[in-house]
Amino acid sequence: MCGVDSIMGKKKDNAQFNNPFSALKGLSVSADKKPEKKPEPKPVSQPEPKLPQIEADADFFSEMSGLGVRKIDRDSLEKPDPVRLSAETEAEASFYGKKERVQTGGRVARPRRDKLLRRGDLEPQAELDLHGVKTDAVQQKVGWFLENSKFYGFEAVRIITGKGNHSDTGPVLRPLVEAYLNGPGRTYVIEWVQAPPKQGGAGAIIVFLKVD
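Numbering (our numbering), first residue to last: 4 to 215.
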């Protein structure tokens, strides 16, 4: 029996010797974790550039140049001398009939707007020159001019009709323009007045447009 016990003891010792990981029972080795993918950054959308107002104005005058439309250079407009303003105002008042208001084809121009216009503080932004235009095309051209001017947000424009100095019957184009402004032109027009002397006088009309 002693021989058997000694043999069994050797087997146990050998088993312990041959199993070097027996002391590691109860411990688990985790598998290598895969690295997490970082979300890709979202593309940043760039805001669309806005067209500057000067380009819109350029489009208007480019389209309308064939009709005799031009942009008015504000620097070229001469502002009245304050010393002479009262004398000019009196002269215009006698022409218009009343100093404090101006009749405009059945309508009355606002006194404040009329004064600003005569002082040079309110200026037209574009003008249509009808010199050389045939009478049967006048109202059509005026309509196109006013429609496009309103579309581009202009508040005041000037229509040059001429004084009719070379006509035996007086002004020819002006009555046609006035008839249009008092008729179909009401779609675009708030009111209109004869231009001050420094902006054409009896040979031009200042038109105030509706603003949406």
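Ideal Cβ positions, reconstructed from N, Cα and C, are used throughout, including at glycine.
- Task: Would you list the one or two residues that DSSP bridges to Trp195?
- Result: Val210
- Item | Extent of the continuous alpha helix (DSSP H) run through Leu184 | Counted as a single uninterrupted DSSP element, the alpha helix (DSSP H) harbouring Leu184 occupies residues 176-185.
- Message: Quick check on the burial criterion: 16 or more other C-beta atoms within 10 angstroms. Buried or exposed for Ala129?
- Response: buried
- Take Tyr191 as the anchor and find which of Ala198, Arg121, Pro178, Gly146 has the nearest alpha-carbon. Gly146
- Message: I'd like the span of the alpha helix (DSSP H) that includes Asp139, first residue to last.
- Response: 138-154
- Message: Tell me the rounded alpha-carbon separation between Pro200 and Thr172.
- Response: So the two alpha carbons sit approximately 22 Å from each other.
- Closer than 6 Å by C-beta to Ala207: which residues in its own chain qualify, once you throw out the five before and the five after it? Chain order, please. Arg161, Ile163, Ala198
- Message: Do Trp195 and Val175 have their beta-carbon atoms positioned less than 8 Å apart in this structure?
- Response: For Val175 and Trp195, no; Cβs fall outside 8 Å.
- Using DSSP with H/G/I as helix, E/B as strand and the rest coil, what is Asp117? helix
- Rounded Cβ spacing between Leu212 and Phe157 (contact assumed at less than 8 Å): 6 Å
- Query: So which of Asp215, Gly203, Val214 has the shortest CA-CA distance to Gly123?
  - Reply: Of Asp215, Gly203, Val214, the smallest CA-CA separation from Gly123 is found for Gly203.
- Quick one: residues in its chain with C-beta nearer than 6 Å to the C-beta of Arg177, no 5 flanking neighbours on either side, listed in chain order? Thr164
- Contact set for Asp215: own chain, Cβ-Cβ below 7 Å, skip 5 residues either direction: none
- Message: Is the separation between the beta-carbon of Pro127 and that of Ala159 shorter than 8 Å?
- Response: yes
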